[in-house]
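Written out below as structure tokens is the structure these notes cover.
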Amino acid sequence: MNEQANKILVELLQKAANGIDAAVSFSQAQIPDVVHQLLVWKFTKSLVISVIILATVPVAIKFFRAMMKREQDGVMGDEGYSWERGKPKYKPTLVWEKDETISPASIIFGTIIFFYSATAFIVLSDMTWLKIWLAPKLYLLEYAASLIK
């Protein structure tokens, strides 16, 4: 009985070893394709984000300049206080009120400018797509090191 159990155990271990060998050979055959797909994905993702940020920069600059500009819209007439009559009236923006004072919304505007500028700087300074294009092995080493951390 003990001999039969040993025989069954040896067969199970042999099947497990064969299965592990098959899995290892399959993994080794698939590693180049997986690495290629990883590089293509990271390259494309980084490039698309960079292009989107670059495309929004002119629009953002135009918007920021329009909000900062004071544009005269006429002269204060009967709608204001008596001491305001005859003073120039301006188009209100996120920064300026119609009576040439700074709007409380300018804090929000300044925050938007800061976060947009910081995001654009961070995204455009991280040129993963360029690193993958010029030095893919270096990128793979850095990527593997980041996974180990």
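Residue 136 in our numbering sits at position 136 of the sequence shown, with consecutive numbering throughout.
Glycine is no exception: its CB is placed at the ideal position from the N, C-alpha and C atoms.
For clarity, every value in this text was computed on a predicted model and none was experimentally measured.
Out of E11, L9 and F109, which has the shortest C-alpha to C-alpha gap to R65?
Nearest of E11, L9 and F109 to R65, Cα basis: F109.
Check for me: the alpha helix (DSSP H) holding E142 runs from which residue to which?
P136 to I148 is the span of the alpha helix (DSSP H), which, as asked, contains E142.
On a CA-only basis, which of A135, V51, I148 and M67 is nearest L124? Give me that one, please.
Considering only alpha carbons, the answer is V51.
At a cut-off of 6 Å, is Q14 close to the ligand FAD when judged by its beta-carbon and the heavy atoms of the ligand?
As presented, the structure is devoid of all ligands, the ligand FAD included, so that no description of it is given.
Tell me which same chain residues have a C-beta within less than 8 Å of the C-beta of W133, skipping the five on either side of it?
Excluding positions up to five away in sequence, the list reads F43.
Taking just the CA atoms, how far does K62 sit from A105?
C-alpha separation (whole angstroms): 18 Å.
By how many angstroms is the C-alpha of L141 removed from the C-alpha of T56?
Cα-Cα distance, rounded: 33 Å.
Spell out the partners DSSP gives W96 in its beta bridges.
Note: W96 sits in a beta bridge opposite I102.
I'd like to know if W133 contacts chain B, where contact means its C-beta is closer than 7 Å to some C-beta of that chain.
Chain labels in this structure do not include chain B; a single protein chain is all it has.
Whole angstroms is fine: what's the gap from P58's alpha carbon to W96's?
One C-alpha to the other measures close to 22 Å.
If you count every other CB in all the chains shown that lies within 10 Å of the CB of W41, and 16 or more means buried, which is it?
Label assigned to W41: exposed.
Going by the CB atoms, is the gap between Y116 and A60 shorter than 7 Å?
In this structure, Y116 lies closer than 7 Å to A60 by Cβ.
Could you tell me the distance, in whole angstroms, from the CA atom of R70 to the CA atom of K91?
So the two alpha carbons sit approximately 7 Å from each other.
Inspect the beta-carbon positions of I49 and A120 and report whether they are closer than 7 Å.
Their beta carbons are not under 7 Å apart, which means I49 does not touch A120 by this criterion.
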